[in-house]
Every structure is written in C-alpha cells, then in structure tokens.
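Written below as structure tokens is the structure these notes are about.
Protein chains: 2
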Amino acid sequence: MSDATASRVLNGVDAPVAAETRERVLRIAEEMGYAPNLAAKALATGRTKTVALWSVNLRAPHSSQVVYCTRDEIMKNDYDLTISDFKFRADGALDTSRLISWPVDGVIAVDLPRGPVPGLSNSLLGGKPLVSIGAYVLENVDHVHVDFAPMSAAAIRHLHSVGCRRIAYLVPNWFEWFRSCDDARLRGYETAMAQLGLETEFIVTEHEARPAVGPALKAHIAIHGAPDGLFCFNDNMTIAAARALREVGLTPGRDVKLVGCDGIDDSADFYPPLSTVVQPVEEMCALAWAFLARRIKDPEIPIQQMTLTAKLEIRESSTGY
Amino acid sequence: MSDATASRVLNGVDAPVAAETRERVLRIAEEMGYAPNLAAKALATGRTKTVALWSVNLRAPHSSQVVYCTRDEIMKNDYDLTISDFKFRADGALDTSRLISWPVDGVIAVDLPRGPVPGLSNSLLGGKPLVSIGAYVLENVDHVHVDFAPMSAAAIRHLHSVGCRRIAYLVPNWFEWFRSCDDARLRGYETAMAQLGLETEFIVTEHEARPAVGPALKAHIAIHGAPDGLFCFNDNMTIAAARALREVGLTPGRDVKLVGCDGIDDSADFYPPLSTVVQPVEEMCALAWAFLARRIKDPEIPIQQMTLTAKLEIRESSTGY
DNA sequence: CTGTTAGCGCCTTCAA
DNA sequence: TTGAAGGCGCTAACAG
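Protein chains in written order, with full-length UniProt numbering: chain A, 1 to 321; chain B, 1 to 321.
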C-alpha cells in the first residue's frame, strides 16, 4: 500500500478507495498513533489551515473576548488560530516584532488604524489576505467596521441628561494620531458637546493600559478639579479611572458619572456596574471570519465591507446608585 | 550563487562565507522582500522554534496574565508561542479538540490536574517535551508548582481574625475531582477550619466561569443564609460572587468578607479591592520556559521541579472599608 | 482502484 | 569558500 493511498484515505478526499483498503489504512494509522506532520502538509499543499489574529494589547479584557469569539468561529470551520499582538512605534509605524511568524492562510487584524499603515507591507502578509475588524474606517480592505460615533454622541447626551455639565474625554495619548484616524468616539464626543453648547475637555494618558490612567487623571484633577462626567476610550480605562477617583475621595457614579466603551465582561460585574458603548463582538468576529473564508476561497471577489453599530448600555456608573 | 550559500548566510551560521558573498545575499534578500517559508524550514530541520501554551479557560483574566508573561519570556529567546485551551470531559479525560495542531518543539501546560491525565497521550505530544505549571502536584514531569496550601490556611485564619465564624469555600464542581487532585486550596481550607474548630461549608458552582457563580451562591444563601466569610477558588469567581452578594442586598467586605486566589490585575482595581492569594506569575512563567528550553536542548537531563509559594495580599474585601 | 513520480522550500552533508 | 545532491513528510498529477 503506497503512501499516496494512505494520504487519500486520511484526508477523506472522495477519491475512489476500496472500502477494505480504507479500513486497513485507518486501523494501522490508529495502531501506530499516526499524526500527520503539518509542516510537510503545509509545504506540499501551500495551505496551512491556520489563520492569524493580530490585536493590540492582548492583555486587555476586550482583546480576550475578541480572541475567544474568533477562535470559536474559526475552529468550527476546522481552522486553527494563532494569536499575537502588535504595537505602534513612536513614529506611528507598525511594530511587527511580536507577530507570530508561523505561516497562515490569512490574517484578521483588530483595530488597525486608518489609512496606509506604515510597516504593514505586502511582504509581511506574504500575499495572504487580510481582514480588518475595528472602530476605524479602512478603505480597499475587507473590513468589519464598528461605528462608535452615534452611540458616543448618545453617551454624552445621556451624561448631560443625568446632570453632567463638565464632561471630559479620557483618551490615550494617541490622541493626535487618533484624530488622523478619525476616532469615532472622539467625533461623537465633539459633536455632542458642541450641540449641547459645552466645552470639550481632554484627559490624556500615556498609553491605554490601566497603570497609565491613575496618574494622568489625578494630575488633571489636581490642576483643574474633577469633571462631573467622564467619557472613557474603553472600559478597561474606565475601571482604572474609577479606582483613581476613589483614591482621591470621589465616588464614581455619584461625584463623577462614567461611561466607557467596548462592553467587556467586567463592565457588568464591576461595582458600580459600568455604562458602556457595547461592541457586538460575536457578530464582528463571525463576520470577519466569513469575509476571510470567502477571500481565501476566491481571492478575486470584490472588497467586502460591513458596518455594525455599537449599542449604548446604561448602568449605575452614570445613573448613580 | 546556490541556495545553500544563501541559507548559510541567512541563518547566520558561522560557516565560512566570503564577506562579499554574504553582503550580496543580504542585499538581494532585502530587495526581494525575502521571507523564509517556515513550513519548509520546519520540515528540513525538524524544529519549529515554536512552543505551545495550553491553558484552561483562556477567557479568564488569570490566563491572560500567564499567556502574556510566558509570551514575553519566550519571544525574548526568539521562539514563537501558540496559545490554546483544553477542557475536561465529563469523565475527567482531556478534551484536546481545541488544541492548536501546529507542530511545536515543546509544550507548557497550565493547571493540569494531578496524576496520569486521561487523554494526554504521548502521541498527542508527538514525543515533544512538556512542562507543567500549576497548583497541583505532578510527578515525573518537569513542573513548576505553586503551593497554595500555606496561604490558603493563612487566608482562613485571617478571615477568622477579622471576625468571621462561618467561612465557606466557593469552588467549581470539580470538587470531588479536585479532591483526588489534592487541591491545595481545599487542603489549606480544611486544615485551618479544623484548627479553628469551625465547620466547613461548601458552595459548589457548575463550572469556574463567572456566570456559574451567581446562581449557585444565591441558591445557597436562599437555603442556608449567607456565611460571613467566603474563600473563593479564584479571583474571577470572587468578582462574580461580589456582584451576586450585592444583588441579594449584602455588601461584600462588610456583610461577607471575601478572599480569592490568583492575584489578577482586576483584584486591585475592583471595588472593594480584593484580598487574594497571589500567584507569582512572572516567576512561574520564566521558570517554565527555562525548564523547557533546557529540556529541548537536552532531552536526557533529569526531571526539573520547583515549588514556589503563593503570597497572601490583604485588601478591603476582607478587612472592610 | 492503486502505485509511481515529482516536487513543495529549505538545510545539511559531501566534494570540489 | 562554494555548489551539487539528497531528503524532511506529504500531496497531486498521471499511469496503469
């Protein structure tokens, strides 16, 4: 019995194989504990049945959620997922040093900024298709877009309706850069503030991880006093902000009303429960994989794009308790 | 110029290559945006420079932390990391359906239960070395052990010292199974309770994810009333427990004092800040990689084992606020 | 229905 | 110091 026959059987190709031969192959494979060498397989076929997920800041809860959902979706379809993160260098270029180099059939990238991303070259992708998920508008790419703008504006109006008159935006220092990305949160914030006749106020943190939030917020409060409403770039930062507020004797949800973005698991479990602009994570991930699967099958199809809208979830962090 | 020469240059082997040739190779590689085919490389060398991390419940914050630390450690050493999770089937056997199949040079497994694990066959590992990290005692395996027992007992004594007289243990339903694993938390709990002359009380949840906690805890309280102290299997469950307590009108940290395990980021940011038995995550991960790297280099070295002790961090969830 | 053949891209002798 | 040759384990075309 040749290896070719074995290959036919083991891969379930509907090639004609005698039932008896098939069984013998399966039995022997079982007996010897046969496991295919995927490297050889990949080399021979040119496909790896593996997809990469690139995300910023894997340690943030929102990323965990995206990883989790994407993984579920992909494994249902008998693909593997490699997970890695990227950073941005000071000059805004992609720092790809942390990307896993295992060859893949395609890439799903989360929250890539707008426009041609320096460092995201074709040779990085090695001709493999890329699908983007995120809050920024990307053109000429398969893209699942989550539009934060309407609900960010709604969040601001909500804060106003519960009595806030000084509403600040807590945002990582990519601020100027995000302006060029057309951060929809920022746009929604500015639009709503203008409509309400309020002045914008920005609290800028060095980066988006939790430890960066406290110092920036406390420094701002020390100089300018505390705002009565705080719109946060994401829930992860909201949690750090709530802690910092308590540390300077303010009660989040009472002295300072909070609304964040993302809708992470923590937002409902935290105390007080956090108001947040929720991303439809499952839907995003399912769509991204659908786009990618189609593109892998047929690279020639036209650009696939879809815009989903976030949803405002109101909880005690902005209504009081 | 032959591919062999190119290979020699590109891999930095200290084989004799003329400086001029070397430069030419590098220049051309640069020009053509050459990226090696890792599948081919792996096939030829038999090594992938990739390590797998197997963890339970990737979505839990503690797992994120372990993933993150391990990844840092490994990438420093120019290895890649594939991340996946496993489950246990009802019969206690390993459910390996979610493990990434990309071939690796070794595996780091987090919180494998004690004893021969059904389903963890040699063919699964394909002869590749395994290093285990976790709270259970494993024998005959390279293993970084975190001993929870002393600090669990200390946690119980601490709860007693702040006035708790009815201290329950909140634990996933692997309970009986964990008994056979010799869960050190359980051991510490039982030992300390006995010493204090208190009766043990167990609140068992269906699994260890947050949604399972509320129902079990509320049901328990409805029948037996609330304990005044709660020792939790992990911080993730503590967070869900705190929420459930509030939902039935009890204030965590006052009516019910809480201590969890792990020391996740959330534990400090949560309100009230959570007392917890902290795992030395960075140290664990660094050690695990050190063990694995040594084992990969020389499969013949004797079993490597190390026991680290957890550390009790006391915060307002058990002292009141 | 099954075996033979020829690579996939790279590394590693070995000989020149 | 370099090139040629063989092989890693598998699949895909082509004969038989």
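Every residue gets a Cβ at the ideal spot worked out from N, C-alpha and C, and that includes glycine.
| Asked | Found |
| --- | --- |
| Just to check my reading of the structure: B:V281 and B:C261 have Cβ atoms closer than 8 Å, yes? What is that Cβ distance to the nearest angstrom? | So it is not a contact: roughly 12 Å between Cβ atoms. |
| Between the alpha carbons of B:G46 and B:I296, how many angstroms are there, rounded? | 12 Å |
| Per DSSP, which residues does B:F202 bridge with? Please list them. | B:Y169 |
| Can you list, in chain order, the stretches of the alpha helix (DSSP H) that have 4 or more residues and sit fully within the region 19-99 of chain A? | 19-32, 38-45, 61-76 |
| Skipping 5 residues on each side, what residues in its chain have a beta carbon closer than 8 Å to that of B:R114? | Y136, V137, L138, S180, C181, D182 |
| Within the region 255-286 of chain A, note down every full beta strand (DSSP E) run reaching 3 residues or more, in order along the chain. | 257-262, 275-278 |
| From the beta carbon of A:V107, is the nearest beta carbon of chain B less than 9 Å away? | no |
| Measure the Cβ-Cβ separation of A:P227 and A:C285 and say whether it is below 9 Å. | no |
| Can you name, in chain order, every residue of its own chain whose Cβ lies under 7 Å from the Cβ of B:P299, other than the five neighbours on each side? | P129 |
| Would you call the CB atoms of B:S55 and B:D85 closer than 9 Å? | yes |
| Could you give the distance in angstroms between the alpha-carbon of B:N57 and the alpha-carbon of A:A44? | 34 Å |
| Please list, in chain order, all residues of the same chain as A:A18 whose beta carbon is under 6 Å from its beta carbon, the five residues on each side excluded. | none |
| With A:G249 as the anchor, note down where its alpha helix (DSSP H) starts and where it stops. | Careful: A:G249 lies outside any alpha helix (DSSP H) and carries neither H nor E. |
| Establish whether the CB of B:R71 and some CB of chain A are separated by less than 9 Å. | yes |
| How would you list, in chain order, the residues of chain B whose beta-carbon sits under 7 Å from the beta-carbon of A:D269? | R210, I239, A240, R243 |
| Run through the DSSP bridge pairs and tell me what A:E313 is partnered with. | A:T276 |
| What in chain A is Cβ-close to B:M75, meaning under 7 Å? | R98 |
| Roughly how many angstroms separate the alpha carbons of A:Q304 and A:D72, rounded to a whole number? | 22 Å |
| Using only CA atoms, which one of B:R59, B:V141, B:L198 lies nearest to B:I264? | B:R59 |
| Helix, strand or coil: how does DSSP classify B:I133 here? | strand |
| Compute the beta-carbon to beta-carbon distance between B:N173 and B:V204, rounded to the nearest angstrom, for a pair I have assumed lies under 8 Å. | 5 Å |
| Does A:S318 come within less than 9 Å of chain B when only Cβ atoms are used? | no |
| By DSSP, does B:D228 sit in helix, in strand, or in coil? | coil |
| Less than 9 Å separating the beta-carbons of B:C232 and B:L308? | no |
| Any Cβ of chain B within less than 9 Å of the Cβ of A:W102? | yes |
| Provide the residue(s) that pair with A:L308 in DSSP beta bridges, ordered along the chain. | A:V146 |
| In the DSSP assignment, what are the bridge partners of B:A107? | For the sequence presented, residue 107 of chain B should be read as Val rather than Ala. For B:V107, which the question treats as bridged, DSSP gives the partners B:A52, B:L130. |
| For a contact meaning CB atoms closer than 7 Å, what does A:D235 contact in chain B? | The premise fails here: A:D235 is roughly 11 Å from chain B at the closest Cβ pair, so nothing lies under 7 Å. |
| Taking all protein chains shown into account, decide if A:A151 is buried (16 or more other Cβ within 10 angstroms of its Cβ) or exposed. | One detail in the question is off: residue 151 of chain A reads as Met in this sequence, not Ala. Under this definition A:M151 is a buried residue. |
| Could you list which residues in chain B have their beta carbon closer than 8 Å to that of A:N37, in chain order? | L43, P103 |
| Counting C-beta neighbours from all protein chains within 10 Å, is the total for A:A222 16 or more, i.e. buried, or is it exposed? | exposed |
| List the endpoints of the continuous alpha helix (DSSP H) containing A:V117. | Per DSSP, A:V117 belongs to no alpha helix (DSSP H) and is neither H nor E. |
| DSSP on residue 323 of chain B, reduced to helix/strand/coil? | This structure leaves residue 323 of chain B out entirely; chain B is present only between 1 and 321. |
| Just checking my contact of A:A42 with A:V25 at CB under 8 Å: how many whole Å lie between their CB atoms? | No, A:A42 and A:V25 are not in contact; Cβ-Cβ is about 22 Å, not under 8 Å. |
| Under 9 Å, do B:A149 and B:R187 count as touching if we go by C-beta distance? | yes |
| Just the chain A side, please: which residues come within less than 7 Å of B:G126 by C-beta, in chain order? | A35 |
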